[in-house]
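Just so we're aligned: 139 in this note's numbering is position 139 of the sequence shown, and the numbers increase by one with no gaps anywhere.
Backbone N, C-alpha and C fix where the C-beta goes; we use that ideal spot for every residue, glycine too.
Below is one structure, written out as structure tokens; the observations come after it.
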Amino acid sequence: MANQDIVQQLVSSVVSNPDLFSSLVEHPYSTLRDVTGAEEVSKEEASEAVAAVSLLGNGKPLDFGNLAEIASILLSENGNSVHNMAANLLSEESTATPSPADLIATLANVNFEKGLAGIDLSDGFGLDDVLGIAGALLGGKK
Numbered sequence: 001m002a003n004q005d006i007v008q009q010l011v012s013s014v015v016s017n018p019d020l021f022s023s024l025v026e027h028p029y030s031t032l033r034d035v036t037g038a039e040e041v042s043k044e045e046a047s048e049a050v051a052a053v054s055l056l057g058n059g060k061p062l063d064f065g066n067l068a069e070i071a072s073i074l075l076s077e078n079g080n081s082v083h084n085m086a087a088n089l090l091s092e093e094s095t096a097t098p099s100p101a102d103l104i105a106t107l108a109n110v111n112f113e114k115g116l117a118g119i120d121l122s123d124g125f126g127l128d129d130v131l132g133i134a135g136a137l138l139g140g141k142k
């Protein structure tokens, strides 16, 4: 299953059932297995899903072409543990993380039909896209 498919399923599931968010923080592998129906979830898939949820939940644009690299860096910063990564990026104890309710509310507004989640690149990369990315990074609206 492609990483974008996993992320879309996970985001949709978390938005419709917010209890899954805390499950993702505490049990990333089993949560992904439950959401996707997969028998096995690799470390790469789990780390990509956690990284994507963190970025999207914080209102940051996400280019799925770079997700594996981003997840790899975040995984290495968290002792090569998806559980540590999820706890550090998504838990309420993390000072850099908005509340779970805020993360879920932001996830509800993600549009996966666009080339970069939350940014429409179908017309090329123009000033509107630069402003959209800047706004997302600075905490503005997408």
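Go ahead and label residue i buried or exposed: buried means 16 or more other beta carbons lie within 10 angstroms of its beta carbon, across all protein chains shown.
{"i": "residue 141", "result": "Residue confidence for residue 141 is low, a pLDDT of 39 falling below 50, so the modelled location carries little weight and cannot support an answer."}
{"i": "residue 58", "result": "buried"}
{"i": "residue 101", "result": "exposed"}
{"i": "residue 93", "result": "exposed"}
{"i": "residue 73", "result": "exposed"}
Going by DSSP, what residues sit across from residue i in a beta bridge?
{"i": "residue 24", "result": "Answer is none; residue 24 lacks a bridge partner."}
{"i": "residue 75", "result": "BP columns for residue 75 are empty, so no partner."}
Residue i lies in the alpha helix (DSSP H); which residues open and close that run?
{"i": "residue 48", "result": "43 to 57"}
{"i": "residue 18", "result": "It is not in any alpha helix (DSSP H) - residue 18 carries neither H nor E in the DSSP assignment."}
Contact check, residue i vs residue j under 8 angstroms by CB: the rounded distance?
{"i": "residue 69", "j": "residue 3", "result": "Not really, about 12 angstroms apart at Cβ, beyond 8 angstroms."}
Alpha carbon to alpha carbon, how far is residue i from residue j?
{"i": "residue 38", "j": "residue 32", "result": "8 angstroms"}
{"i": "residue 76", "j": "residue 85", "result": "9 angstroms"}
{"i": "residue 106", "j": "residue 41", "result": "25 angstroms"}
{"i": "residue 62", "j": "residue 30", "result": "24 angstroms"}
{"i": "residue 91", "j": "residue 64", "result": "23 angstroms"}
{"i": "residue 24", "j": "residue 50", "result": "8 angstroms"}
Counting only C-beta atoms, is residue i closer than 7 angstroms to chain C at any point?
{"i": "residue 4", "result": "Considering every chain present, this structure includes no chain C. It has just one protein chain."}
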